[in-house]
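Take a look at the structure set out below.
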Amino acid sequence: MAAACFTTAAAALLLLMLVVTCCDAQPPPGFYPSKRFRARPFYRDFRNLWGAQHQSVGGAGATIWLDSTSGSGFKSRRPFRSGYFGASVKLQPGYTAGVITAFYLSNSEAHPGFHDEVDMEFLGTTPGRPYTLQTNVYIRGSGDGGPGRVVGREVKFHLDWFDPTADFHHYAILWNPNQIIFLVDDVPIRRYPRWSAATFPRRPMWVYGSIWDASSWATDDGRYRADYRYSPFVARFSELLLRACSPRAPPRCHAPSLAGAGAGDALSPRQEAAMRWVQRGHMVYHYCLDPKRDHALTPECRRRRWPSSDTATMRRQPTTTVPNNATS
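FYI, in mature numbering (1 follows the signal peptide of the UniProt record, and there is no 0) the residues of the sequence shown are -25 to -1, 1 to 303.
Here's what the structure looks like:
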């Protein structure tokens, strides 16, 4: 009798665990834009920007690293006015505090002191703690001010629903005239709509990848700094995908849809559900929810104008504020 009761209880516990696991699993997005494009050889679309001795290129990707002497970066050969920009990235495990690996769009060289930028930055960490992915948007010089005058639009996520150091994962930015969408493994994690011309980047931008030392702010506001005893810090990029329109492309050229033909700018219900899952469970900072920020500088933070998909309840609030620094 006791054995039978134990067996029944064990079966019930197993069923409960399966139900919890099922309900907590990441919903599939249903559409996978990264599978629809083909990567080209690295040197056809990109070139070294700095730190050539800290960069190794092969096939459709590049490996870049940081040590006490230098980091490294690369840049697309052409600017683009809109498009889908993706890269599969494998990050370094262990102690990486103070180190930033970045994949981003920018026109800082064309418009110094008055540039636009769209960031995906992987903020280094300490053993046992997840990487933080910081997404950010700067518009017409909002990232070029001095101390206390930088206006960022940061949203942060802990990458703890997978291990970004164990294998390559695909990170992408979809930028069109109406919105910017950030994706991880084809799952939308953030949508930044065009509220007005003043809050949205419209000038052509180049595509960049880099690794650099941001010890002053990257990890717990600079509490943990880069320790070069653990160097070199290595970031591997592969499958760099560009499906984009150059500034001289005809008007019929437009960024691809993320939900398939005929969907336009809309995300599918499955994509919306997957985005809500990420935001509710893994988003740890939103600039509009930071009481220390001056929201007069970010008018889209007026609650009545927020898109519902970008106001999901965060899992936890950070104990420190996001630093006002632009990508180097």
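In this text, a Cβ means the ideal position worked out from N, Cα and C, and glycines have one as well. All values reported here derive from a predicted model rather than from experimental measurement.
Counting along the chain, where does the beta strand (DSSP E) carrying residue i start and finish?
i, result
"aspartate 94", "92 to 98"
"phenylalanine 137", "No beta strand (DSSP E) contains phenylalanine 137, which DSSP labels as neither H nor E."
"proline 163", "162 to 168"
"threonine 101", "Element bounds for threonine 101: n/a, residue is neither H nor E."
"threonine 76", "74 to 81"
"phenylalanine 49", "47 to 51"
Three-state secondary structure (DSSP) at residue i?
i, result
"tryptophan 192", "coil"
"valine 112", "strand"
"alanine 35", "coil"
"histidine 29", "helix"
"threonine 71", "coil"
"tyrosine 260", "strand"
"serine 9", "helix"
"leucine 66", "coil"
"glycine 118", "coil"
"tyrosine 203", "helix"
"histidine 144", "strand"
"alanine -1", "coil"
"glycine 127", "coil"
"glycine 197", "helix"
"residue 329", "Examination of residue 329 is not possible in this model, given that the chain is present from -25 through 303 alone."
"arginine 177", "coil"
In the DSSP assignment, find the alpha helix (DSSP H) that holds residue i and state where it starts and stops.
i, result
"glycine 256", "244 to 257"
"arginine 19", "17 to 20"
For residue i, which option in the options has the closest C-alpha, if you only look at C-alpha atoms?
i, options, result
"tyrosine 260", "His133, Ser221 and Arg227", "His133"
"glycine 34", "Phe212, Gly26 and Phe49", "Phe212"
"tryptophan 181", "Ser191, Ala219 and Phe208", "Ala219"
"glycine 116", "Leu108, Val125, Thr110 and Gln109", "Val125"
"proline 54", "Phe157, Arg15, Asp20 and Phe208", "Asp20"
"arginine 38", "Tyr262, Phe208 and Ser190", "Note on identity: in this sequence residue 38 is threonine, with arginine being the wrong assignment. Residue Phe208 is the option with its Cα nearest to threonine 38."
"tyrosine 70", "Pro105, Arg166, Ser57 and Ser47", "Pro105"
"arginine 204", "Ala210, Asp42, Gln1 and Gln30", "Asp42"
"histidine 229", "Tyr59, Trp25, Phe6 and Asp(-2)", "Tyr59"
"proline 274", "Thr174, Arg13 and Glu92", "Thr174"
"leucine 272", "Ala189, Asp196, Tyr113 and His144", "Tyr113"
"lysine 65", "Ala72, Arg56, Lys50 and Trp40", "Trp40"
"arginine 128", "Asn111, Arg178, Pro16 and Arg56", "Asn111"
"alanine 189", "Ser45, Asn82 and Tyr262", "Ser45"
"glutamate 96", "Phe89, Gly73, Gly103 and His90", "Gly73"
"glutamine 262", "Phe89, Lys131, Pro231 and Asp196", "The residue asked about is misnamed: residue 262 is tyrosine in this sequence, not glutamine. Checked all of Phe89, Lys131, Pro231 and Asp196; the closest Cα to tyrosine 262 is Lys131."
"isoleucine 186", "Cys276, Phe17 and Gly48", "Gly48"
"glycine 26", "Ala62, Lys50 and Asp142", "Lys50"
"isoleucine 75", "Pro179, Pro176, Asp195 and Pro16", "Asp195"
"tyrosine 18", "Gly36, Pro2 and Pro68", "Gly36"
Which term fits residue i, buried or exposed, when burial requires 16 or more other beta carbons within 10 angstroms of its beta carbon?
i, result
"tyrosine 79", "buried"
"arginine 198", "exposed"
"arginine 22", "exposed"
"glutamate 84", "exposed"
"alanine 147", "buried"
"glutamine 28", "exposed"
"proline 8", "buried"
"proline 87", "exposed"
"leucine 215", "buried"
"asparagine 153", "exposed"
"residue 306", "What is shown of the chain runs -25 to 303, which leaves residue 306 out entirely."
"glycine 239", "exposed"
"leucine 217", "buried"
"tyrosine 183", "buried"
"arginine 223", "exposed"
"residue 308", "Not covered by the structure: residue 308. The range shown for the chain is -25 to 303."
"proline 244", "exposed"
"arginine 165", "buried"
"arginine 13", "exposed"
"arginine 268", "buried"
"lysine 10", "exposed"
Would you list the one or two residues that DSSP bridges to residue i?
i, result
"glycine 58", "Trp150 and Ala219"
"serine 232", "DSSP output for serine 232 lists no bridge partner at all."
"alanine 85", "Paired residues: none, contrary to the question."
"glycine 184", "Phe49 and Phe78"
"leucine 158", "Ala147 and Pro163"
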